[in-house]
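Okay, so here's the structure we're looking at.
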Amino acid sequence: MTRIRSLGDPDGDPDDLEFDLDFAKLHPGGWDEAQDHWEQVVVMFLNCDQVNDRKASESMAFAEDAAKRVLWPLAVDERCPKCRRVGG
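Residue numbers (my numbering): 467 to 554.
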């Protein structure tokens, strides 16, 4: 079974951890709230046409990469599109 990766995984890619920290800092609810918003965005990409003909693992990799590409610039700019919160 393919699962959405958990934010803050210490065994993950260092670039992922940097993103995870930037994204989590925006959420006063901490890692749980950040994880929820991360998963919501990944699911949006899993529901797009670009994943229809892919294996589950390829679909997940595509969706997570696309979500990270969208969310990271927003996180650096201290914005979360799911909670519409601006950090500070």
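Note that CB positions come from ideal geometry on N, CA and C, so glycine has one too.
Please confirm whether residue i and residue j have their CB atoms less than 7 Å apart.
{"i": "Val-507", "j": "Ala-533", "result": "yes"}
Where residue i and residue j are concerned, what is the direct C-alpha to C-alpha distance, given to the nearest angstrom?
{"i": "Gln-516", "j": "Thr-468", "result": "17 Å"}
{"i": "Asp-543", "j": "Cys-549", "result": "14 Å"}
{"i": "Arg-520", "j": "Arg-535", "result": "20 Å"}
{"i": "Glu-484", "j": "Asp-531", "result": "14 Å"}
Should residue i be labelled buried (16 or more other beta-carbon atoms within 10 Å of its own) or exposed?
{"i": "Leu-487", "result": "exposed"}
{"i": "Ala-490", "result": "buried"}
{"i": "Cys-546", "result": "buried"}
Please work out which residues of its chain come closer than 6 Å, Cβ to Cβ, to residue i, disregarding the five sequence neighbours upstream and downstream, and give them in chain order.
{"i": "Asp-481", "result": "none"}
{"i": "Phe-511", "result": "Ala-529, Ala-532 and Ala-533"}
{"i": "Ile-470", "result": "Glu-505 and Val-508"}
With a CB to CB cut of under 8 Å and the five nearest residues on each side skipped, what residues in its chain are close to residue i?
{"i": "Gln-501", "result": "Ser-472 and Leu-473"}
Of all the alpha helix (DSSP H) runs that stay within the bounds of the stretch 477-517, which reach a length of 4 or more residues?
Those alpha helix (DSSP H) runs which fall completely within the stretch 477-517 and span 4+ residues are 480-490 and 496-512.
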